Amino acid sequence: MTLPSVQDKVRELCGDGTTSMKEVVDRLAVICKKPINLIEYKESWGALTAFKAEFEDRINVYFPPQKSQQYKLHCIYHELGHIYLESFQMALALPDLSEEMLRETADAISVTCRSVPNHPVERWVEDFAFEMSKKTRSRSSSDPDPFL
Numbered sequence: 088m089t090l091p092s093v094q095d096k097v098r099e100l101c102g103d104g105t106t107s108m109k110e111v112v113d114r115l116a117v118i119c120k121k122p123i124n125l126i127e128y129k130e131s132w133g134a135l136t137a138f139k140a141e142f143e144d145r146i147n148v149y150f151p152p153q154k155s156q157q158y159k160l161h162c163i164y165h166e167l168g169h170i171y172l173e174s175f176q177m178a179l180a181l182p183d184l185s186e187e188m189l190r191e192t193a194d195a196i197s198v199t200c201r202s203v204p205n206h207p208v209e210r211w212v213e214d215f216a217f218e219m220s221k222k223t224r225s226r227s228s229s230d231p232d233p234f235l
């Protein structure tokens, strides 16, 4: 499996300067031809840090409330990386999802979340999340991203 350069994909979404998560989500929605919704989901999470569910008419990224804004952004960017690499994804086994999450994603086309450690796609989206966080963090020293 050959994955594209993380730096090239980050530059494609952000340009050479800094950006906000809103701008990244808007650009990615154009590429996917579906709106992308970021949803802070307060129900049972277990060990999950975030996940993505694709529906016929939208893509939802779910993330739990976090004390650390920086960590929350990283988790969201990780899932946005999965969205960006959708055509490269392999069928990954899903961990146990709570009853609330199963109901929330009942009509999803696909659901992804971290489940296979050290998988090339997981390493790529982790690198993507770190690079995207750098792009948005440098925009403002007091707040990592004005979007959330």
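Position one of the sequence shown corresponds to residue 88 (our numbering), numbered consecutively onward. Virtual Cβ for every residue (Gly too), placed ideally from N, Cα, C. Everything numeric in this text was worked out from a predicted model, so none of it was measured.
The continuous beta strand (DSSP E) containing residue 125 extends over residues 123 to 127. In chain order, 215, 218, 219, 222 place their CB closer than 8 Å to the CB of residue 97, counting only its own chain and leaving out the 5 sequence neighbours on each side.
In the assembly as shown, residue 146 is a buried residue. Its beta-carbon has 16 or more other beta-carbons within 10 Å. In this chain, the alpha helix (DSSP H) harbouring residue 116 covers 108 to 119. In this structure, residue 123 and residue 170 form a Cβ contact; the two beta carbons are roughly 7 Å apart against a cut-off of 8 Å.
Around residue 126, the same chain offers 147, 148, 149, 150 as residues with beta carbons nearer than 8 Å, after the five sequence neighbours per side are excluded. Taking the CA atoms as reference points, residue 93 sits about 19 Å from residue 116. When rounded, the separation of the alpha-carbon atoms in residue 111 and residue 119 is 12 Å. A direct Cα-Cα distance of roughly 25 Å separates residue 104 from residue 173.
Secondary structure of residue 216 (DSSP, three-state): helix.
The alpha-carbon of residue 107 is positioned some 14 Å away from that of residue 99. The straight-line gap separating the alpha-carbon atoms of residue 159 and residue 140 is approximately 17 Å.
For residue 96, the enclosing alpha helix (DSSP H) has its first and last residue at 93 to 101. When the Cα atoms are used, residue 95 and residue 101 turn out to be separated by approximately 10 Å.
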